[in-house]
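So for the sequence shown, full-length UniProt numbering puts the first residue at 1; every next one is plus one.
Note that beta-carbon positions come from the ideal geometry of N, C-alpha and C, so glycine has one too.
None of the values given here were measured: they were computed from a predicted structure.
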Amino acid sequence: MELRRAGNSGLTLSRLGLGTMTWGRDTDEIEAADQCRAFLDAGGNFLDTAATYGDGDSERVIGGLIGTLFNRDEVIIATKAGITFSDGARKVDSSRHCLIAELDRSLSRLGTDFVDIWQIHAWDELVPLDDTLSALDYAYTTGRARYVGVSNYTGWQLARAATKQQANSMKAPLTTIQGEYSLLNRNAEFEIIDAAVECGVGFLAWAPLARGVLTGKYRKGIPSDSRGAAPHFAKHIEPYLDSRSSKIVEAVAVAAEGLGFSPLEVALAWVRDAPGVTSSLIGARTGAQLRGVLKSEEISLPEIL
């Protein structure tokens, strides 16, 4: 699998990253190990998780694989902090106090003394940016994080944060930004990817298959075994089941048939090779599903697409 440099850093990531949101919840330890093995065999080197995934269980599962399935220095592990859920309500807290406490808990669950990339999960309107960035500096200078980044920032938010960090050589430079990007959600093209390129920050695309909608599995309804049927995922998929999205899904299916590929392969390859994209985060519930996703590595799309 092709490796790409993240922005202006020395960090190289596989052009597909393995997302682990379902690990420890819909995906048990055995299936997670199967997924990870398939991903590593395909040449991938990048695992992405977050403190909030499965209430920390995703990180625990990854921690159980370190030293058994792979050596720590063989895989880039990224995690995120700043979002919690209480009684089903989402709360953003990107204060220095909260972030550092979350980082230490993440390291404990992962069973390691550092993460390769530590990312702020979301912009916090109630916390001064300098307070948030000071947590990144602390993690970086204490060796808890080799690189730092942000997630779900707008273009101006990224530019502001990156500029502040670049103004002082003693601060931790931003290396990555995660943002949603797919054929059904191209908002990142308006300013985020351009800002990332200008600031020397690698762009990591999440939900490149629009939460599975671009595979075509929802063309005739919601399968009972799909994420769309799961209570905790349904609300994330529903926005992509409207008439506009349906037209795009059909267009992808037609293009895929003409090219001799699957809709999944076309949709993922399109994001993977889009200008400015460092890595695209993929995910699955089972190893078999992931192997199907990884087949996209065998194709390249015509330039006209």
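Item, Value
"Can you tell which of ARG15, ASN152 and ILE282 has its C-alpha closest to the C-alpha of GLY212?", "ILE282"
"If LEU69 and ALA33 are in contact, beta carbons under 8 Å, what's the gap, nearest whole angstrom?", "6 Å"
"Taking the alpha-carbon of PRO128 as reference, which of GLU31, SER95 and ALA196 has the nearest alpha-carbon?", "SER95"
"Going straight from the alpha carbon of ASP130 to that of ALA161, what length do you get?", "9 Å"
"Give, in chain order, every unbroken run of the alpha helix (DSSP H) that is at least 4 residues long and sits entirely within the stretch 178–252.", "192–199 and 231–237"
"Along the beta strand (DSSP E) that carries ILE282, what are the first and last residues, could you check?", "277–282"
"Does the stretch 167–178 come close enough to the stretch 3–16 to have 3 or more Cβ pairs within less than 8 Å?", "yes"
"Per DSSP, which one or two residues make a beta bridge with ARG5?", "THR12"
"Could you tell me whether the stretch 245–253 touches the stretch 186–199, where touching means 3 or more Cβ pairs closer than 8 Å?", "no"
"Around the C-beta of LYS91, are 16 or more other C-beta atoms found within 10 angstroms, so that it is buried, or is it exposed?", "exposed"
"Would THR52 and ILE83 qualify as a contact pair, given that the criterion is a beta-carbon distance under 7 Å?", "yes"
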